[in-house]
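Visitor: In our numbering, the protein residues as written are 2 to 418. Every residue, glycine too, gets a C-beta built ideally from N, C-alpha and C. Have a look at the structure that comes next, please.
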């Protein structure tokens with residue numbers, strides 16, 4: 002081949018080949034520069050090249066235990082520190098695969114339970130609001146992962162998730178449609194979504210070692226398989242899921258509102274289990290727990306971000322973990338459905354503004370004044386230690402709250418056995 006033809010071939014070489022050659026030159030320059038920095042002299046470059054060519058490379062990174070770190074690992078960081086966090090928690094009624102074994106095979110995918118979880122910006126409050134699945138709401142147009150959209154319509158809240166699943170054929174579309182419906186009807190901006198299926202719920206309960214519950218009445222529900230007697234029981238994942246899903250044989254009216262109340266009690270007791278085990282104060286233990294608890298969840302939150310958020314709540318008081326159901330009334334158009342009352346507007350506005358969802362607490366006019374108050378000085382014993390100390394009223398037990406029908410906290414009594 003003549004030099005003229007060779008030059009022509011070089012000119013006709015594909016651009017990507019020239020780019021590869023250029024990349025190879027640049028990589029060689031980078032390696033040479035690094036070697037110079039390491040050996041500190043030009044003479045070291047030739048020696049380094051000879052040594053590199055004489056050595057067979059081995060990789061023992063996974064074969065030798067690393068030396069212990071001289072410093073403690075950093076605490077997990079809260080990725081949204083200083084900001085309120087709103088998470089839509091969806092319990093899906095998916096019935097395929099492992100979930101079909103648990104709940105019985107059935108096509109499609111529905112949202113069986115919905116809770117809006119709010120964490121205050123200062124990380125002193127955690128608030129949860131149950132949204133009944135048969136709430137009549139406006140379901141807006143939803144965008145699917147393939148770019149298609151659905152038409153807006155009025156319907157039950159759980160139809161939003163089902164519409165997204167049926168149209169988009171994936172959980173992303175279903176969850177996004179449920180999120181859009183919440184934002185449209187509440188005005189609360191949503192940060193994240195978590196979809197918990199049957200298997201995920203069971204693994205979460207088992208990861209904390211079960212949840213102790215006071216069961217007030219015998220329950221036998223042939224639909225979920227729950228068969229439990231009244232009394233105090235520690236529920237494992239299987240039994241806790243049956244309890245959370247039960248609507249029949251409970252001795253109650255079997256409505257979704259009553260079931261939401263039982264789910265709230267279960268969540269409150271789960272929170273107490275986590276706090277009693279100090280999981281939030283031990284970062285490695287917290288990470289281990291969340292890694293196990295989240296293995297069957299679908300979410301847009303990374304485990305590291307979730308760990309950081311949970312760790313930031315390590316100082317929270319049980320009195321500041323509040324649960325309620327959105328204020329509702331029987332729907333005027335259908336007694337078997339519910340509609341939100343005007344009180345719901347105030348609740349959603351408080352959450353959107355990061356105020357306590359139930360508003361400022363109302364002072365109890367029957368509460369005894371605190372000792373040392375300016376208008377009523379504290380009583381003291383007579384001088385010399387004689388006399389009779391002032392009478393002290395016995396503590397009044399906290400009234401039992403009815404989950405599902407009234408707000409309560411993780412510190413309240415919600416059942417008696």
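By Cβ distance, which residues of its chain are closer than 6 Å to residue 79, with the 5 residues on each side in sequence left out?
Guide: So the list reads 309, 310, 313, once near-sequence residues are dropped.
Visitor: For residue 121, which residues in the same chain have their Cβ closer than 7 Å to its Cβ, ignoring the five residues on either side in sequence?
Guide: Here the set comprises 85, 355.
Visitor: Just to confirm before moving on: does the CB-CB distance between residue 225 and residue 246 stay below 7 Å?
Guide: Taking 7 Å as the Cβ cut-off, residue 225 and residue 246 qualify as a contacting pair.
Visitor: Give the C-beta separation of residue 288 and residue 183 to the nearest angstrom, bearing in mind that I take them to be a contact with Cβ-Cβ under 8 Å.
Guide: That pair is no contact at about 29 Å.
Visitor: Less than 7 Å separating the beta-carbons of residue 242 and residue 202?
Guide: Yes, these two residues count as a Cβ contact at 7 Å.
Visitor: Assuming residue 292 is part of the alpha helix (DSSP H), what are its boundary residues?
Guide: Run containing residue 292: 284 to 294, per the alpha helix (DSSP H) assignment.
Visitor: Quick check: what's the CA-CA separation for residue 77 versus residue 305?
Guide: One C-alpha to the other measures close to 7 Å.
Visitor: Output the residue ranges of the beta strand (DSSP E) runs that lie fully inside the stretch 311 to 355 and measure 3 residues or longer, sorted by chain position.
Guide: Runs found: 322 to 326, 329 to 331, 339 to 341.
Visitor: State the DSSP-derived secondary structure class of residue 159, mapped to helix, strand or coil.
Guide: In this structure, residue 159 counts as coil in the three-state DSSP scheme.
Visitor: State the CB to CB distance for the pair residue 234 and residue 214, rounded to an integer number of angstroms; the pair is presumed to be in contact (CB under 8 Å).
Guide: That belief holds up - the Cβ atoms of residue 234 and residue 214 are roughly 6 Å apart, short of 8 Å.
Visitor: Shortest alpha-carbon distance to residue 307 belongs to which of 192, 222, 351, 415?
Guide: Of the listed residues, the one whose Cα sits closest to residue 307 is 192.
Visitor: Under the assumption that residue 349 contacts residue 339 (Cβ atoms under 8 Å), give the Cβ distance between them as a whole number of angstroms.
Guide: With 8 Å as the limit, residue 349 and residue 339 do not qualify as a contact, their Cβ atoms being about 16 Å apart.
Visitor: If we ignore side chains and look at the alpha-carbon of each, how far apart do residue 361 and residue 351 end up?
Guide: Looking at the two C-alpha atoms, the distance is approximately 10 Å.
Visitor: If you draw a straight line from the alpha carbon of residue 415 to that of residue 149, how long is it in whole angstroms?
Guide: Computed Cα separation, rounded: 46 Å.
Visitor: Leaving aside the five residues before and after residue 181 along the sequence, list all residues of the same chain whose C-beta is less than 6 Å from its C-beta, in chain order.
Guide: So the qualifying residues of the chain are 141, 143.
Visitor: My output table needs one value for residue 83: the three-state DSSP class, helix, strand or coil.
Guide: In this structure, residue 83 counts as coil in the three-state DSSP scheme.
Visitor: Have a look at 408, 173, 179, 175 and flag the residue whose alpha-carbon is nearest the alpha-carbon of residue 139.
Guide: Among 408, 173, 179, 175, the Cα nearest to that of residue 139 belongs to 179.
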